[in-house]
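Everything on this sheet refers to the single structure shown next.
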Amino acid sequence: MNAPSFYGEHPPGIEHTPLPGRLVVIEGTDGVGRSTHIALLKEWLEARGYAVVNTGLRRSQLAGRGIERAKAGNTLDPITLNLLYATDFWDRLERQILPAMRAGMVALVDRYIFSLMARARVRGLTAEWVENLFGFALVPDLVVYLDIDIEHLVPRVLSSTTGFDYWESGQDYLPSPDVYANFVEHQTRLLAEFRRLAAEHAFTTVDARRPVSEVFKDLCEAIEPVVQSMATFGSDVTESAEVASMRPSLPGT
Amino acid sequence: MPRSENVLPGRLIIVEGIDGSGKSTQLDLLRKWLVNQGYLVIFSEWNSSPIVKGITRRGKRKQLLSPMSFSLIHAADFASRIYSQIRPALQSGAIVLADRYVYTAYARDAVRGVNRAWLRRVYSFAVPPTLAFYFDVPLEEAMRRISIGRPELKYYEAGLDLGLHDDPYESFQKFQGLIQAEYNRLVDEFGLVRVDATESLVHQQQRMREIVRPHLDGAMRQPNPAPVDALHVAGLLGHQRSERNGTREVSA
């Protein structure tokens, strides 16, 4: 058990006492399959007796709905947008992630500061400003980056219910009115930022172009050593046949 | 700086000070003086961004704000006003008057334990003011002024989240004292113009105007006379306008 470690200064109001839980982050661009894998991983971890809490962007009590409303107006400059996301992130870190880790749970987080940093960087904010801002973030025990390329991403986004989203296509900062061209341009820039961050922060990169079952197997293998030494509540929950068929065979089960 | 800095032709004049220092009154008198001379004056108030203030209000009402979220949401409000109001006005050459600026965040957030260097880097997108006034008032005098006009102290306003004292008034006094100590450091660090806020209202305003006057050359003026002039010319009283917009503009 280690005392909480932050990227920058230890933020005010956060205890220095060690956290028995684990922080596992799944990063990657929109449409890469993060939420599918989060759902599978939650079930997998719970079936093995771990208590899991999951959270993702815009789910804070404080700022979640406020961001939705602000984005609907399409009048946001990148700095305000980033500070709103930082507020939302901090509120979730303080109220969801840290309490879960104090209680010895696995916090399974759908997108962390890295998505926010990548979005800010492609919109022209300096690395220095962005890194300072998010210095208040807790260093995760594991960051898995789901990597994809444009060729595989486009059909997934097209077949989703929302299609090309205004913000995810970079319509707010790219000059062209062409949504498809902007989507490709924006996502290409984002992917480059993600890969740069993955190298800088030593993420575990998983090739997400492959079928769900193969990606899931890699995710389980990456998470296994991180949670291994944790206390479990015993396995009362039974995993579904779907999860059982995909996960790697587990020692001792 | 997150973005390249252009030279802005406008003027930015800001006031700072603890609650009860009289800074808002003085800024309002300055605004009237500038408007009467025909200058185009834009007024920006702390915590007033239409995009952000709803979140802040919700956080305060439900007491959801911690030192960090308090700091972050105020930075968001400030950024929103910088990019949608203050910067465009300065780019056009107008005079912007701001009641509280980055120094309020530096003082309050530092008292709540937020790292000072981090705050300065977060707020590095702020436009440096042309003039920044600090209204210096003894704590006892500020407390006396506030106890007259204010019915009840709010939770964050009184600094009750800091756990300095259970009684709102006692907490407020301690909180303001700590903020004042931070302000005193900021006056030196950023060269704020100190105004003795125990002087008479008129004397303070005269001093302010003397300091502001040399900075007004070439500032943007109102292109057309205000609507009230049209009413005078036509011999009308403006009942319709005042019913629609309130009486503020007509009586100005």
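From first to last, the protein sequence lines are chains A and B. If you're matching positions, the first sequence starts at 71 in this note's numbering and goes up one per residue. If you're matching positions, the second sequence starts at 560 in this note's numbering and goes up one per residue. Even glycine gets a Cβ: it sits at the ideal position worked out from N, Cα and C. Keep in mind that this is a model prediction, so the values were computed, not measured.
- Counting only the Cα atoms, B/M767 lies some 57 angstroms from A/A173.
- With respect to the C-alpha of B/P782, the residue from B/K713, B/G652, B/F684 having the closest C-alpha is B/G652.
- Residues of the stretch 189 to 217 of chain A that bring their beta carbon within less than 7 angstroms of a beta carbon in chain B comprise G194, L195, T196, W199, N202, L203, G205, F206, in sequence order.
- A distance below 8 angstroms separates the beta carbons of A/D158 and A/A133.
- Within its own chain, the residues whose Cβ lies closer than 6 angstroms to the Cβ of B/R659, once the five positions on either side in sequence are excluded, are W605, listed in chain order.
- Using a Cβ-Cβ cut-off of 8 angstroms, B/M627 is close to P81, P82, G83, W160, E164, F206 of chain A, given in chain order.
- Looking at the DSSP output, B/V574 shares a beta bridge with B/D658, B/F692.
- Residue range 282 to 297 is occupied by the alpha helix (DSSP H) that includes A/D288.
- Under DSSP, A/L212 shares a beta bridge with A/V94.
- In the DSSP annotation of this structure, the continuous segment of the beta strand (DSSP E) that includes A/A177 starts and ends at 176 to 180.
- From the beta-carbon of A/I293, no residue of chain B is found nearer than 7 angstroms; the closest lies around 29 angstroms away.
- The alpha-carbon separation between A/P74 and A/I167 amounts to approximately 12 angstroms.
- Secondary structure note for A/N124: its beta strand (DSSP E) is the uninterrupted segment 122 to 126.
- Taking a Cβ-Cβ cut-off of 7 angstroms, the neighbours of B/W677 in chain A comprise G78, E79, N202, G205, given in sequence order.
- When C-beta distances to chain B are compared with 7 angstroms, every residue of the stretch 272 to 291 of chain A stays at or above that value.
- A/G240 has a beta carbon lying at 8 angstroms or more from every beta carbon in chain B.
- Here A/A278 is near A/I218, since their CB atoms are less than 8 angstroms apart.
- Here the alpha carbons of B/A789 and B/E700 stand approximately 44 angstroms from one another.
- In the structure shown, the three-state DSSP call for B/I601 is strand.
- The closest CA to that of B/V661, considering only B/V611, B/V681, B/V670, is found on B/V681.
- Taking A/E221 as reference, the option from A/L261, A/V94, A/V200, A/L244 with the minimal CA-CA separation is A/L261.
- By the criterion of a C-beta distance shorter than 8 angstroms, A/E138 is surrounded in its chain by R128, once the five residues flanking it on both sides are discounted.
- The beta carbon of A/S283 is closer than 8 angstroms to those of S315, M316 in its chain, skipping five residues each way along the sequence.
- Residue state for B/D755 is assigned as strand, using DSSP reduced to three classes.
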